[in-house]
Amino acid sequence: MPTIRIAIPILALLCSNAAAQRAFDAQHRAEQEQVGTGSLWTHTGGNPKHNSVHATGMPPSLANPVWTNADHVPVPQSGLVVDGAHVYTLTRDATNATFAVALDRQTGEEVWATPVAPPVLDSWSSPTIDLEHETLLIASGAVVVALDTDTGEQRWATELDAIVVNASPVVTDDLGNRDRAFITTYSFGGGAPAALVCINIDPFDATGNPYQPGDIVWSLSLGGDSSGNTAAYQNGRIYLATASSPGSQRGTIRCYDITADTAPASPVWSFTNTINAGFFAGVAIAKGHIYASSYSFSGLQTSANTVKLNKNTGNLVWSVPTNRTDATPIVLPNGDVIVSGGVATGAFDFLPFFGSLPSIQYIDDLGSTAKLLWDSALATHDDLNANGYWDFDEPYLSIGGWTHQPIAIVVQGTPHLLVGTLPETQPGVNIDHNTALRLIDLTKSPTDPGFIVDHAPGTGNTPAYTSGWVFTSGQAGISAFEQPSPLLRTRELIDQYTRDELTLDELLERLPR
Numbered sequence: 125m126p127t128i129r130i131a132i133p134i135l136a137l138l139c140s141n142a143a144a145q146r147a148f149d150a151q152h153r154a155e156q157e158q159v160g161t162g163s164l165w166t167h168t169g170g171n172p173k174h175n176s177v178h179a180t181g182m183p184p185s186l187a188n189p190v191w192t193n194a195d196h197v198p199v200p201q202s203g204l205v206v207d208g209a210h211v212y213t214l215t216r217d218a219t220n221a222t223f224a225v226a227l228d229r230q231t232g233e234e235v236w237a238t239p240v241a242p243p244v245l246d247s248w249s250s251p252t253i254d255l256e257h258e259t260l261l262i263a264s265g266a267v268v269v270a271l272d273t274d275t276g277e278q279r280w281a282t283e284l285d286a287i288v289v290n291a292s293p294v295v296t297d298d299l300g301n302r303d304r305a306f307i308t309t310y311s312f313g314g315g316a317p318a319a320l321v322c323i324n325i326d327p328f329d330a331t332g333n334p335y336q337p338g339d340i341v342w343s344l345s346l347g348g349d350s351s352g353n354t355a356a357y358q359n360g361r362i363y364l365a366t367a368s369s370p371g372s373q374r375g376t377i378r379c380y381d382i383t384a385d386t387a388p389a390s391p392v393w394s395f396t397n398t399i400n401a402g403f404f405a406g407v408a409i410a411k412g413h414i415y416a417s418s419y420s421f422s423g424l425q426t427s428a429n430t431v432k433l434n435k436n437t438g439n440l441v442w443s444v445p446t447n448r449t450d451a452t453p454i455v456l457p458n459g460d461v462i463v464s465g466g467v468a469t470g471a472f473d474f475l476p477f478f479g480s481l482p483s484i485q486y487i488d489d490l491g492s493t494a495k496l497l498w499d500s501a502l503a504t505h506d507d508l509n510a511n512g513y514w515d516f517d518e519p520y521l522s523i524g525g526w527t528h529q530p531i532a533i534v535v536q537g538t539p540h541l542l543v544g545t546l547p548e549t550q551p552g553v554n555i556d557h558n559t560a561l562r563l564i565d566l567t568k569s570p571t572d573p574g575f576i577v578d579h580a581p582g583t584g585n586t587p588a589y590t591s592g593w594v595f596t597s598g599q600a601g602i603s604a605f606e607q608p609s610p611l612l613r614t615r616e617l618i619d620q621y622t623r624d625e626l627t628l629d630e631l632l633e634r635l636p637r
């Protein structure tokens, strides 16, 4: 009976506003076609700082995709980038050939597909868009290639001295006629030493920029191992982490001035991790600080750490024990930090348990100190035998993970997270596609009603977010989800309420305003 009482007046109100809503829908569609610079997702993490949090008046709807392209299956865990016209990603066909693919942003139809070097060691590097020169940069194998964003034709290609694994290019756009792309190379397994490679992306100029596009301007040995260490950029400086330091498994974070045409002789500053763990991901720049999360090869749910450093000095502000990860931390508008980490272990006796479960961890930033507020796996784990730790087949909410980069959005002032679910580890399969995408409310604890706001099965690889649209991928292909009109959003909420998926308070809280 409560369902009928609340549904009837709301539906009556909706019907009375139907004409106005139709006008809104037409305007909404027109606005979606007018894409501005704030609607771009050019790098992993959204921008060269790798920390992009968008505000919106309404959450995206994950109920049904606006379109799905099933002709192209992306490289597992690789992310997408988006400009005003296209969605770009790396895909793999039935013969394991690798392609860079551009899809129409509005329809999902293929625009072009260009063969590129295959990833090595299950690399999940993401593409990068160079907006100024209208190129898509791909780092795969031991090559960085620039493709025309309109046609997919190769503009230039740069051979590297070593392979790239899990790292993505970062590009500058504020260095006049001397803009550059940067990539870090992989060094484990006895190969060439890890390096930060600087590549010219601007036209040749005999006096101002004596390099052709694609020329290596300089290469800097990092003196430690590197894997997945995507550099971040701001105001003439590169910030990057390493997986180890000379003679130690402790990773480093460094700042380099890259405004000269020669490799920097030394870093502006360098920080060595406070625990015996390396950094296998990029760093995030936010609020005058640098953030990074480490990966530990032993221990349980908080065996690694996340650090906050002063951006100008490299001084440590705080270090918090967190899950092992190859993902970059996300900094919310209030300064709190989100970490996606942990390994999805399959329920097989002959597979090892890596000591930590996939989870999202919420760090409460108190300024000069911080504390871990909650861990989604620990909060939801049902310890059936009461032995104090997870055993195979014990249920918990699996979200996030060591290879997955979520996205934070702010909905009507409330922080949310778009986060995928890693697949369970299978024999012979190291890296595979995510199995679901969820929208969670970060103001709630994992066990609170309404923590999970929305859910889309069969997808959830590292997403991109632009103008209310969510772009993500999975085993079934590439999908787009759109922010619904207020009418459709209200109908969805009423349907959830009538299925007892929402309480009355949650329904009223989420109604469009």
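Here the sequence shown stands for residues 125 to 637, numbered as in my numbering.
All C-beta atoms, glycine included, are put in the ideal place defined by N, C-alpha and C.
With 16 other Cβ atoms within 10 Å as the buried cut-off, status of P608 = buried
So what's S522 in DSSP terms, helix, strand or just coil?
-> coil
If you run the structure through DSSP and keep just helix, strand and coil, what is E633?
-> helix
Inspect the CB distances between the stretch 379 to 395 and the stretch 421 to 428 and report whether three or more fall short of 8 Å.
-> no
Cβ neighbours of P573 in the same chain (closer than 7 Å, five flanking residues each side left out) = T627 and E630
Among A408, D624, L490 and R562, the one whose alpha carbon lies nearest that of N171 | Ranking A408, D624, L490 and R562 by Cα distance to N171 puts A408 first.
Taking the CB atoms as reference points, tell me whether K435 and G412 lie closer together than 9 Å.
-> A contact, by the Cβ cut-off of 9 Å.
Check each candidate in A468, T622, N558 and V269 and name the one with the smallest Cα separation from G338.
-> V269
Counterpart residues of S394 in DSSP-defined beta bridges = When beta bridges are read from the DSSP output, S394 appears opposite R378.
Return helix, strand or coil for I287, following the three-state DSSP convention.
-> coil
Contact belief for F658 with P587 at Cβ below 8 Å, rounded distance in angstroms = Shown here, the chain extends from 125 to 637; a query on residue 658 therefore has no answer.
Apply the 10 Å Cβ neighbour rule to A147 and answer buried if 16 or more other Cβ atoms are within range, or exposed otherwise.
-> With a pLDDT of 35 at A147, under the threshold of 50, the predicted position of this residue should be treated as unreliable, and no value is reported.
With DSSP collapsed to three states, give me the class of Q358.
-> strand
Among the residues of its own chain, which have a CB less than 6 Å from the CB of I179, if the five just before and after it don't count?
-> It should be pointed out that residue 179 corresponds to Ala in this sequence rather than to Ile. If we look at A179 and ignore the five residues flanking it on each side, its Cβ neighbours are V534.
Following the continuous beta strand (DSSP E) through S483, name the residue where it begins and the one where it ends.
-> Under the DSSP assignment, S483 falls in the beta strand (DSSP E) whose first and last residues are S483 to D489.
May I have the straight-line CA-CA distance separating T222 from T215, to the nearest angstrom?
-> 6 Å
Any heavy atom of the ligand PLP closer than 8 Å to the CB of Y380?
-> Among the ligands in the structure shown, none appear at all, so the ligand PLP cannot be discussed.
How about A600 and A194: are their beta carbons less than 9 Å apart?
-> yes
Reference V321, options A263, W280 and T331, closest by Cα | Selection A263, W280 and T331 evaluated against V321 yields A263 as nearest (Cα-Cα).
May I ask you to report which of helix, strand or coil DSSP gives Q151?
-> With a pLDDT of 36 at Q151, under the threshold of 50, the predicted position of this residue should be treated as unreliable, though the coordinate-derived value follows. Of the three classes helix, strand and coil, the one that applies to Q151 here is helix, per DSSP.
Starting from S443, follow the alpha helix (DSSP H) in both directions and report where the run begins and ends.
-> No alpha helix (DSSP H) holds S443; the beta strand (DSSP E) holding it covers L440 to T446.
T504 - DSSP class collapsed to helix/strand/coil = helix
In three-state terms, what does DSSP make of I307?
-> I307 carries a strand assignment under DSSP once its states are collapsed to helix, strand and coil.
So, helix, strand or coil for T282, using DSSP?
-> Of the three classes helix, strand and coil, the one that applies to T282 here is strand, per DSSP.
What residue does the beta strand (DSSP E) around E234 start on, and which one ends it?
-> In the DSSP assignment, E234 falls within the beta strand (DSSP E) that extends over E234 to P239.
According to DSSP, what are the bridge partners of I462?
-> Under DSSP, I462 shares a beta bridge with I454 and Y486.
C-alpha distance - S464 paired with A330, whole-angstrom precision | 46 Å
Can you tell me where the beta strand (DSSP E) with S603 in it begins and where it stops?
-> G601 to F605
Less than 9 Å separating the beta-carbons of L245 and T252?
-> Their beta carbons are not under 9 Å apart, which means L245 does not touch T252 by this criterion.
Relative to the alpha-carbon of A560, which residue among G584, K568, L542 and S569 has its alpha-carbon at the smallest distance?
-> G584
Please determine, among S480, S368, S163 and R374, the residue with the shortest C-alpha to C-alpha distance to I399.
-> Ranking the options by Cα distance to I399, first place goes to R374.
DSSP three-state assignment for D499, whether helix, strand or coil | DSSP, read as helix, strand or coil, puts D499 in strand.
Work out the CA separation of D207 and T166 for me, nearest whole Å.
-> 7 Å
According to DSSP, residues forming a beta bridge with P198 = T215
Proximity of T545 and P482 at Cβ, strictly below 9 Å = yes
Could you please give the first and the last residue of the uninterrupted beta strand (DSSP E) stretch that includes K432?
-> Segment A428 to N434, the beta strand (DSSP E) holding K432.
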